[in-house]
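This report concerns only the one structure given below.
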Amino acid sequence: MDKAKRTAIIAGNWKMNKTPKEAVALLNEIKPLVADADCEVIACVPYVDLAAAVEATAGTNIKVGAENCHWAESGAFTGEISTGMLKEIGVEYVVLGHSERRQYFGETDETVNKRTKAALAAGLKPIVCVGELLWERECNITEEVIARQIKLDLWDVTEEELKNVVIAYEPVWAIGTGKTATADQAEEVCAFIRAQLAKLYTQEAADGVTIQYGGSMNDKNADELVSKLNVDGGLIGGASLVAEKFAAIVKAASK
Ligand code: 13P
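Per this note's numbering: the sequence shown = residues 32 to 286.
The structure is reproduced here in structure tokens:
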């Protein structure tokens, strides 16, 4: 498979950072720096920033994503946000199953799967996050963990729907720790994810899926990571909050 046939995506995951005003200021800084990007550029921002972010990026090459969504269309789910609410304000992507949701908010593969299916049904593109804990890597079960997450998180997702799914491989031990997976480690697991997708769907379908790496990716290490055959971009936390650093990563993925 020619890597160039897949869309490379650099997405910022702002997590719980930036007020609406700060979000607009940061996007205004980022806009000119990524205007000639040869990859897809996304800013996944807190719910309350979404409307301002959509407005601030209108007519640019930056797309906007949310950081979660609920599976029900509406109802008694205090504190949750539906796919319809996101669609109405012009959101295109949604991060699902991030390890921080799994670790701190009881997210399970079952709820990730429900959210993924709801997002797809609504026409949102989910960025489904998978990754092993340090303990799991040390116990040599990284592949088992990833295979299970891929199978469960994408349960009942059709081959047609898979075209709108992005996978982010985020080893939990590399998130916010400054500890990056080596490019070879990232490639190994991203290739494994693609092989799992080929088993569950077809090789052709698997070859078309964008698989990002995430975990302390920055302006210094992005070049090497995204040069790997199965690493199709990145999901960036800390470095996405600094315009120049984020733009440098976008540049690395545009080569
Ligand atoms: P950092 O880039 O801050 O390690 O975060 C990665 C991440 O969790 C992106 O979703």
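Cβ coordinates follow ideal geometry from the N, Cα and C atoms, glycine included. Since the model is a prediction, treat every value here as computed from it, not as a measurement.
Euclidean distance between Cα positions of residue i and residue j
i, j, result
"GLN180", "ASN144", "9 Å"
"ILE120", "VAL273", "25 Å"
"ALA270", "GLY245", "11 Å"
"LEU117", "VAL76", "12 Å"
"LEU58", "VAL72", "12 Å"
"GLU219", "VAL262", "9 Å"
"GLU235", "VAL188", "16 Å"
"VAL126", "LYS46", "10 Å"
"VAL55", "LYS230", "43 Å"
"VAL276", "GLY90", "Note that residue 276 corresponds to Lys in the displayed sequence, not to Val. Taking the straight line from one Cα to the other gives about 23 Å."
"ALA214", "SER105", "42 Å"
"THR139", "PRO63", "39 Å"
"LYS94", "GLU123", "7 Å"
"GLN243", "GLY207", "16 Å"
"THR114", "LYS194", "18 Å"
"GLN216", "ALA107", "43 Å"
"GLU192", "ILE40", "18 Å"
"ASP254", "ALA279", "9 Å"
"PRO157", "ALA150", "6 Å"
"ARG132", "ASP238", "28 Å"
"LYS259", "ASN92", "24 Å"
"TRP186", "THR142", "11 Å"
"ASP67", "ALA283", "12 Å"
Heavy atom of the ligand 13P within 7 Å of residue i beta-carbon
i, result
"LEU165", "no"
"ALA270", "yes"
"SER113", "no"
"ILE206", "yes"
"MET248", "yes"
"LEU57", "no"
"GLU138", "no"
"GLU191", "no"
"HIS1", "Outside the shown range of the chain (32 to 286) lies residue 1, about which nothing can therefore be said."
"ASN252", "no"
"ASN261", "no"
"LEU127", "no"
"ILE41", "no"
"LEU256", "no"
"LEU81", "no"
"LEU266", "yes"
"GLY96", "no"
"GLU53", "no"
"GLU201", "yes"
"GLY110", "no"
"GLY245", "yes"
Residue(s) in a DSSP beta bridge with residue i
i, result
"LEU127", "VAL159"
"ASN75", "The identity of residue 75 in the sequence shown is Cys, whereas the question assumes Asn. Bridge partners of CYS75: ASN44 and GLY96."
"LEU266", "ALA42 and GLY245"
"ALA83", "DSSP output for ALA83 lists no bridge partner at all."
"ILE15", "For residue 15 there is no data in the structure shown, the boundaries of the chain being 32 and 286."
Buried or exposed by the 16-neighbour rule on C-beta atoms within 10 Å, applied to residue i
i, result
"LYS298", "Missing from the structure shown is residue 298; the chain here goes from 32 to 286 and no further."
"GLY268", "buried"
"TRP102", "buried"
"LEU266", "buried"
"VAL281", "buried"
"THR147", "buried"
"GLY43", "buried"
"GLY128", "buried"
"LEU211", "Going by the sequence as given, residue 211 is Thr instead of Leu. Classification for THR211: buried."
"GLU86", "exposed"
"VAL79", "exposed"
Contact test: residue i Cβ vs the ligand ADP heavy atom, cutoff 7 Å
i, result
"ASN44", "This structure simply doesn't include the ligand ADP; it includes the ligand 13P instead."
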